[in-house]
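Residue numbers (our numbering): 21 to 181.
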C-alpha cells in the first residue's frame, strides 16, 4: 500500500483509539464508583451493627449481597482490561493482515476464513442472489483504497505489472 494510504488508515485507527479510550475510561470510572459505593455501604452498616441499630443477621445478609455485587464489578473491570489489551494486539496486526489479505484468505481453512470475514465485515445479508455487507472500521478505508485503481500496478498489453 502506498504511504498516503497507510497514513490515512493510521489516522482512522487513531480516531478509533481515541473513542475506545474515552469509552474505556468512562466505563471503568463508573464501575469503580459503583464498587466504592458498595464498600461505603458495608462500612456504614458495620457501624450501624456495632451501634445496635441493625441486627447481625441483616448486616451479614446485606454484606454478602454487596460483596457479590462487588465481585461482579471486579469481573467486569477485569474483562475491560483484557478487552483493552486485545484492542492493541488487534490493531498491531491490522495493517499486516490488510496488506496480505488476499493470500491469507486463499490459504486459510474454512474456520479461519470465517474469522477473517467476521473481523472485517458486518451486517451480512442476502438480497436475492447478491451478498451485501458493510465493512467494519477501519477496513472500510482499506476497501475504499483497494477499489482505487490509481495505486494498483498498471498492466498494459506489452508489459507485465
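Where is the CB? At the ideal position from N, CA and C, for every residue including glycine.
Just to confirm, is the Cβ distance from residue i to residue j under 8 Å?
i	j	result
residue 47	residue 100	yes
residue 65	residue 83	yes
residue 137	residue 128	no
residue 144	residue 153	yes
residue 155	residue 141	yes
Just confirm the distance between the C-beta atoms of residue i and residue j, as a whole number of angstroms; I'd bet it's less than 8 Å.
i	j	result
residue 86	residue 61	6 Å
residue 157	residue 36	6 Å
Please state the DSSP three-state secondary structure of residue i.
i	result
residue 81	helix
residue 162	helix
residue 129	coil
residue 37	helix
residue 92	helix
residue 143	strand
residue 15	Since the first residue of the chain shown is 21 and the last is 181, residue 15 is not available in this structure.
residue 57	helix
residue 157	coil
>> Quick test of the definition: if touching needs 3 or more C-beta pairs under 8 Å, does the stretch 45 to 63 touch the stretch 88 to 99?
In response: Verdict: yes, contact present.
> Just checking, does the stretch 60 to 73 make contact with the stretch 27 to 36 on the three C-beta pairs under 8 Å criterion?
Replying inline: With the cut-off at 8 Å, the stretch 60 to 73 and the stretch 27 to 36 do not touch.
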